[in-house]
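Below you'll find the structure, written out as structure tokens, and then a few comments.
Chains as they are written, first to last, in the working numbering: chain A, 28 to 319; chain B, -4 to 233.
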């Protein structure tokens, strides 16, 4: 059942795991903050990733610079996310199940629209020219672009951490995650934080979608492949915890790649078993807090 | 007549279909302390939740210095000047002591002395020592001080304190009592919700007793002190 792999294969798998981990962090950081603050698993988050990817390949198709395309896609998705939060989710404030169902419905709608606009064919853009080569280390070649994904994820992780951990705005967000009712009573505009975090989460997901496009490509169904991964990451790491999202992302990155290579028959068991164990043994996640 | 700091008039509130506050009316004069007494489950905390906007009143009006705040969102009411020290303290456990205070800061209203981080730390030196610690790691008494400090950071015109003595050791209760006395001396208008009748009678100017969601007694603290019949009937103590 177990497939033997060589050390060279293991090295490549490790790079792929790190690249996927980086993408998953960008996806799940926002997912986790939305989950923590608004108490809903945002089931449209995978669609933000896919739609962001499609926006990105469209910009790239028109000759836009890769990084600019990623930023434009993120900005567009921030606006879309903001509109969804402000005009749809807000109307159902406090009603968790209807909010979750709304995000699920939106995910299906977005999937259909994407299929109509971008057809069923996969789009795989080239990485930016400066990152097309390989890096040589220990007698092996590693694709530069996949290492770059890690670099970008680390930079964004640090920026997010500084915002959430070191600013008054970040403290307000954490207060809202801790106790949204009392946060409001203390004068914190929790509704505005909801919109802000939703925009930020959507933008990060879209940015990840563009970053991931040269590696994973963009195709119908990508949304519902990424969503469960984000869900597992957040359940493993704990909702509302950036550190949890970071550790969970790389854990899942490795489990996913090595699991598929070494135990192809059991790929899903290896992916979901840790989630089941965490849910049973430590429901708040590895880095989450116990609800008071 | 001067405007009352806080008035409730004919307030009815519901949890779903269950009618929890019946025609509740009382008034707090500026700079005074009103004690709100009642047994467990009498509706005291519900009354606080209604004033701060967590629960919307179905009927009646709530006014802060003459301005109606009934039905507004909790964060709007907070910024208009109602501060709450919640029952069970409910500090933000994963935030540091300092962050707990900073997130609740609101600019002072014109002509009123402002509460700042420094002034709160002067009032509670223990919080200053522990400012970098997570609130969740504080003792019960320290958390209570933090909850009071946090409410003060909002520079409230009216301070609501919901059972600040609950679950604290007697010497800490005495300390909380001295703090409340000091705030009152500085002119802070306060509603003190308590089950501790003795503490309340020591601090309060006026007293309101709630029973099963209705106001059953309203008068001065002196009046209630001499009225053992009312005390034993509605509070079941002494």
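Backbone N, C-alpha and C fix where the C-beta goes; we use that ideal spot for every residue, glycine too.
With 16 other Cβ atoms within 10 Å as the buried cut-off, status of residue 319 of chain A: Confidence is the limiting factor: at residue 319 of chain A the pLDDT is only 44, short of 50, which leaves the residue's position unreliable and the question unanswerable from this model.
Between residue 126 of chain B and the rest of its own chain, which residues show a CB-CB distance below 6 Å, the 5 nearest in sequence each way excluded? 92, 93
8 Å Cβ cutoff met for residue 25 of chain B and residue 47 of chain B: no
What is the rounded straight-line gap between the Cα of residue 2 of chain A and the Cα of residue 245 of chain A? Residue 2 of chain A is absent from the model: chain A starts at 28 and stops at 319.
Proximal residues of chain B, C-beta to C-beta of residue 201 of chain A below 9 Å: 87, 89, 90, 94, 98
Which one or two residues does DSSP pair with residue 136 of chain A in a beta bridge? Answer is none; residue 136 of chain A lacks a bridge partner.
One question on the structure: do residue 54 of chain A and residue 257 of chain A come within less than 8 Å of each other, judged by their Cβ atoms? yes
When B:213, B:216, B:192 are compared against residue 227 of chain B, the one with the closest alpha-carbon: B:192
Short-range partners of chain B found in the segment 199 to 226 of chain A, where Cβ spacing is below 7 Å: 199, 201, 202, 205, 206, 208, 209, 211, 212, 213, 214, 215, 216, 217
Can you look up residue 156 of chain B in the DSSP assignment and give me helix, strand or coil? strand
Tell me the rounded alpha-carbon separation between residue 391 of chain A and residue 237 of chain A. Because chain A here runs from 28 to 319, residue 391 of chain A falls outside it and cannot be looked at.
Within 10 Å of its beta-carbon, does residue 72 of chain A have 16 or more other beta-carbons around it, so buried, or fewer, so exposed? buried
Chain B residues whose Cβ lies nearer than 9 Å to that of residue 195 of chain A: 94, 97, 98, 100
Of all the CB atoms in chain A, is at least one closer than 8 Å to the CB of residue 5 of chain B? no
Using a C-beta cutoff of 8 Å, does residue 8 of chain B count as contacting chain D? This model lacks chain D altogether; the protein chains it does include are A and B.
Inter-stretch contact at 8 Å, needing at least 3 Cβ pairs: the segment 55 to 65 of chain B / the segment 203 to 215 of chain A: no
Relative to the alpha-carbon of residue 39 of chain B, which residue among B:129, B:220, B:203 has its alpha-carbon at the smallest distance? B:203
Any C-beta of chain A sitting closer than 8 Å to the C-beta of residue 73 of chain B? yes
C-beta neighbour in chain A for residue 81 of chain B, strict 8 Å: yes
Enclosing alpha helix (DSSP H) for residue 208 of chain A [first to last residue]: 207 to 212
If you draw a straight line from the C-alpha of residue 8 of chain B to the C-alpha of residue 147 of chain A, how long is it? 55 Å
Alpha carbon to alpha carbon, how far is residue 233 of chain A from residue 12 of chain B? Give it in angstroms, no decimals. 44 Å
Is it a yes or a no for the segment 142 to 159 of chain B touching the segment 110 to 120 of chain B, going by three-plus beta-carbon pairs under 8 Å? yes
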